[in-house]
DNA sequence: CAAACTCCTGAACAGGTGCTCAAATGATAA
DNA sequence: TTATCATTTGAGCACCTGTTCAGGAGTTTG
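Residue numbers (full-length UniProt numbering), protein chains in the order written: chain A, 1 to 122; chain B, 1 to 122.
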């Protein structure tokens, strides 16, 4: 594989506005990388990951249901959910004295789904 | 949205081997969730994330090039790369006294790519 | 009202993480 | 060989993280 394959392309092709724009879109600044790391960091804990995959399967679960899916106290689950909620990874809804959590958006679902595929067929 | 939408389906439809098998494939055990968390944890550090996105853009880079993309010492970069290499996230190749690193497989590239999209259009 | 239930908050602490420094390894050049 | 370059390794340490415990807040039930 050519070490500089991507960078050498300009010696064999004329500049192209479309490709240039696409390359600029691909660039990730240190600030963006840090934001992405923050997202991954939140997914990168066994307790939180189990909660998220439980929500991926069930759609929506209350804290007491989620507590049964992991081996920690309900307090630890609550702390974990607060981190995920603050980061916009999950959303919550009150119904009586129970609070139901769900994955916040389709991107999070795709991320969890793709990662599961990576684990099994990577 | 119905809280138990997924679970109630069996009251309105006959069992279906295809759907049952698909549901079983979707289930993530605590052990799998923990493995996935380990993957996310490794992506969840600003230094490592910057290195990975640099590799995503450039294809292949030596340690000295990678050191220029982050604000830490070459030693810290080496420690970070060892973690990623041990986990099978990056692969390395020696050429003279330089060692070139690249992303290990297409799944990692897709994961980084999808996450970048999440950050920008989520 | 009080009791019961679900969930959240703050404090404290053991354990883990990522950094730098100093030293070592492997490879090329003089 | 000796010197130099690129990278790795191990030690030490400041900082961060996730947990439990104790207590509080909001909601329904008797």
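Just so it is clear, CB atoms sit at the ideal spot from N, CA and C, and this is done for glycine as well.
Please name the residue in 109(A), 48(A), 47(A), 39(A) whose C-alpha comes closest to that of residue 44(B).
39(A)
For residue 52(B), which option in 97(B), 25(B), 91(B), 35(B) has the closest C-alpha, if you only look at C-alpha atoms?
91(B)
With 16 as the cutoff for other CB atoms within 10 Å, does residue 22(A) come out buried or exposed?
exposed
Inter-residue CB distance, residue 69(A) and residue 80(A) (contact presumed, cutoff 8 Å):
Not a contact, Cβ separation roughly 11 Å.
Out of 110(A), 37(A), 58(A), state which residue places its alpha-carbon closest to the alpha-carbon of residue 24(B).
58(A)
So, for residue 108(A): in the same chain, excluding its five sequence neighbours on each side, which residues have a beta-carbon less than 6 Å away from its beta-carbon?
89
Using 8 Å as the limit for Cβ to Cβ distance, is residue 44(B) near chain A?
yes
Euclidean distance between Cα positions of residue 96(B) and residue 85(B)
19 Å
Spell out whether any CB of chain A is found under 8 Å from the CB atom of residue 101(B).
no
Where does residue 120(A) fall in DSSP's three states?
helix
Could you tell me the alpha carbon to alpha carbon distance between residue 164(B) and residue 94(A), rounded to whole angstroms?
Missing from the structure shown is residue 164(B); chain B here goes from 1 to 122 and no further.
Would you mind sorting residue 75(A) into buried or exposed? The rule is 16 or more other CB atoms within 10 Å of its CB.
exposed
Can you tell which of 32(B), 82(B), 56(B) has its C-alpha closest to the C-alpha of residue 105(B)?
56(B)
Start-end ranges of the beta strand (DSSP E) lying completely within the region 7 to 90 of chain B, minimum 3 residues
none
Pull up the CB-CB distance for residue 46(B) and residue 49(A), whole angstroms please, since I reckon it's below 8 Å.
Actually they are not in contact, since the Cβ atoms of residue 46(B) and residue 49(A) sit about 20 Å apart, beyond 8 Å.
Nearest chain A C-beta to residue 94(B) closer than 8 Å, yes or no?
no
Chain A residues whose Cβ lies nearer than 8 Å to that of residue 115(B)
36, 39, 40, 111
Along the chain, where does the beta strand (DSSP E) containing residue 102(A) start, and where does it finish?
98 to 103
Which same chain residues end up closer than 8 Å to residue 87(B) when comparing Cβ atoms and leaving out the 5 residues on each side of it in sequence?
38, 39, 42
Nonlocal neighbours in the same chain, by C-beta distance under 7 Å from residue 62(A), ignoring five residues either side:
98, 99, 100
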